[in-house]
Each structure stands twice: as structure tokens, then as C-alpha cells.
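Notes follow the structure.
Numbering (this note's numbering), first residue to last: 686 to 958.
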């Protein structure tokens, strides 16, 4: 965790749901004592198509982005502990090329699934993305199938996948692993979809309803399971993992020792989540 923070040019913790968080902030808000073991940090982007946009090679753009923001790719994977529960985690960082899904993105998620199966860990994915990475062409689109197949192996091992959708989450990420989890959560007000509202209106020539593609709209229509505030996320994850594993969270064990065992509700809507 210390190395991850060291790579960041600036770190300003915030728990407000209307402010976008990046990898270090998200991990620090979830991990017990801030402890985080990063995986596969040495896996970096290649350039199979020798892609050039606006006169700039793809690898040069990736290098500049990495130096500016202190992240080597759009996704960071590793292991942490939430309220006494160990789990594998994959978190996207929108600062790196809009957290677009390329070959390294898919590879790191697939490897995280493999390690989760080997170590018998549940998996948490936290996703914000603009979709597939155009600089990698079909290599990028292949990651939709690759990540979904990797998560199928996780399911075959009877290990849960919890997914948190954050603002914005679009394209191939929404159309693949992020919405196939055992429990799909979203932050309040997050915009989630495949194509954006403006594109949909242009194609269909119809006016979309108010709040279309917001987390609350999707919850009301049964497309996600929970709308959860950022400040409540760690407790909600711990509760879900208790239900899956039958192992009490550290927080609940302490309450039990004190004779205080309040009942908790898992699925609540909007601001009460």
C-alpha cells in the first residue's frame, strides 16, 4: 500500500459520493489499517497494432499518462482485508485513459480470478470505465469474453464476486464482467450504461425518461441490487461476506462480546443504503 501511495502525485481522501475517487482513496477507505498487497504491478501495456492517434504513438501516450498520475495501467489488483474478511480486489482508475479496457486490464482481472480461486478468496471489482480501448482494436474487445470466462471459473469454485459500479461506467465493462456479479452494487448518482444517453436518443429518436442510466433508476428497474453510499461500503461488503461465508466480521464479533448484536439489513434503496 505504501508503494501505491508513493507513486501518486497527490492524495486527497474524500468520502463524498459526488467526487470521483481513484485507486489509493478507494483502497484506503476499505482496507483494515490501510493494508494492501498489490498484484501484477509489472504487467504493462504493449502496442500490438502500432497505433498512432493525432501523431502520437499509443505507447507514448500510455507512458505520459502513467508518469502524470502514478498508475501504470487503468486497473490495479491485489488483496486486502475488510472488517476481518480477506478478499481479492480489482479497482479501475479513470485517470488512465478513461479506465478503458485493454489487454492488460483483462489480463490483470483474469490473473486476479486465478489467484482468488487458488487462495479461496472472494472477489470485489470496483469499476468506472469509458469502455473498450480503441488503440488496441479487437484485442480490447476480446477482454469482454476473457474476463467473463475468468469469472465463470470463480463461480465454479463457489466463490462470490461482488461488483461496485461507479461514475461513469459504460461500454464493454458494463456489458461484461461488471454486471454479471453475484451482487451488483452502485454508488448514488452513478451513470451506468452501454451507450450514452445522447447516442441513444440520436439513434432511437426518442426522449429518455428523467434519471435514465442513474444508479437509482437502474435499482428501481431491477438492474442492480444495492445502491450504497461510499461511507457505508466497507460495512456492506463485510455483511455480504458474512452471508456467503458464515464467518463473522471483526466488528460483529466485538459487538457480540459486548452483548450488542443489532440486526442489519442488506438491501436498501438510495440514500438509506
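We put the CB at the ideal spot given by N, CA and C, even for glycine.
Given the structure is predicted, the values throughout are model-derived calculations rather than measurements.
If you run the structure through DSSP and keep just helix, strand and coil, what is residue i?
{"i": "residue 742", "result": "strand"}
{"i": "residue 922", "result": "helix"}
{"i": "residue 811", "result": "strand"}
{"i": "residue 682", "result": "For the chain, the structure presents residues 686 to 958; residue 682 sits outside this window and is missing."}
{"i": "residue 893", "result": "coil"}
{"i": "residue 885", "result": "helix"}
{"i": "residue 719", "result": "helix"}
{"i": "residue 1044", "result": "Missing from the structure shown is residue 1044; the chain here goes from 686 to 958 and no further."}
{"i": "residue 731", "result": "coil"}
{"i": "residue 935", "result": "helix"}
Could you tell me the boundaries of the alpha helix (DSSP H) in which residue i lies?
{"i": "residue 712", "result": "708-715"}
{"i": "residue 858", "result": "856-859"}
{"i": "residue 876", "result": "Looking at the DSSP string, residue 876 is not in any alpha helix (DSSP H), and its letter there is neither H nor E."}
{"i": "residue 772", "result": "Premise fails: residue 772 lies in the beta strand (DSSP E), 770-777, not in any alpha helix (DSSP H)."}
{"i": "residue 900", "result": "900-905"}
Kindly indicate which residue of the options has the alpha-carbon position closest to the one of residue i.
{"i": "residue 922", "options": "740, 898, 808, 890", "result": "808"}
{"i": "residue 711", "options": "918, 931, 900, 860", "result": "918"}
{"i": "residue 909", "options": "929, 847, 891", "result": "847"}
{"i": "residue 850", "options": "880, 708, 864, 838", "result": "864"}
{"i": "residue 873", "options": "860, 898, 859", "result": "898"}
{"i": "residue 787", "options": "749, 831, 801", "result": "831"}
{"i": "residue 838", "options": "854, 796, 859", "result": "796"}
{"i": "residue 906", "options": "896, 913, 915, 914", "result": "896"}
{"i": "residue 759", "options": "814, 752, 840, 913", "result": "814"}
{"i": "residue 876", "options": "825, 852, 903", "result": "852"}
{"i": "residue 762", "options": "773, 926, 879", "result": "773"}
{"i": "residue 902", "options": "871, 914, 823, 926", "result": "871"}
{"i": "residue 819", "options": "867, 785, 740, 746", "result": "785"}
{"i": "residue 840", "options": "822, 867, 826", "result": "867"}
Just how far apart, CA to CA, sit residue i and residue j?
{"i": "residue 775", "j": "residue 887", "result": "34 Å"}
{"i": "residue 883", "j": "residue 810", "result": "27 Å"}
{"i": "residue 805", "j": "residue 893", "result": "43 Å"}
{"i": "residue 713", "j": "residue 889", "result": "43 Å"}
{"i": "residue 869", "j": "residue 720", "result": "25 Å"}
{"i": "residue 729", "j": "residue 789", "result": "6 Å"}
{"i": "residue 726", "j": "residue 928", "result": "32 Å"}
{"i": "residue 856", "j": "residue 803", "result": "30 Å"}
{"i": "residue 912", "j": "residue 716", "result": "20 Å"}
{"i": "residue 885", "j": "residue 777", "result": "25 Å"}
{"i": "residue 881", "j": "residue 859", "result": "12 Å"}
Any beta carbon of chain C sitting closer than 8 Å to that of residue i?
{"i": "residue 773", "result": "Among the protein chains of the structure shown there is no chain C, as only one such chain exists."}
Where does the unbroken beta strand (DSSP E) through residue i begin, and where does it stop?
{"i": "residue 762", "result": "760-767"}
{"i": "residue 869", "result": "868-871"}
Residue ranges of each alpha helix (DSSP H) within the region 812-846, 4 or longer
822-841
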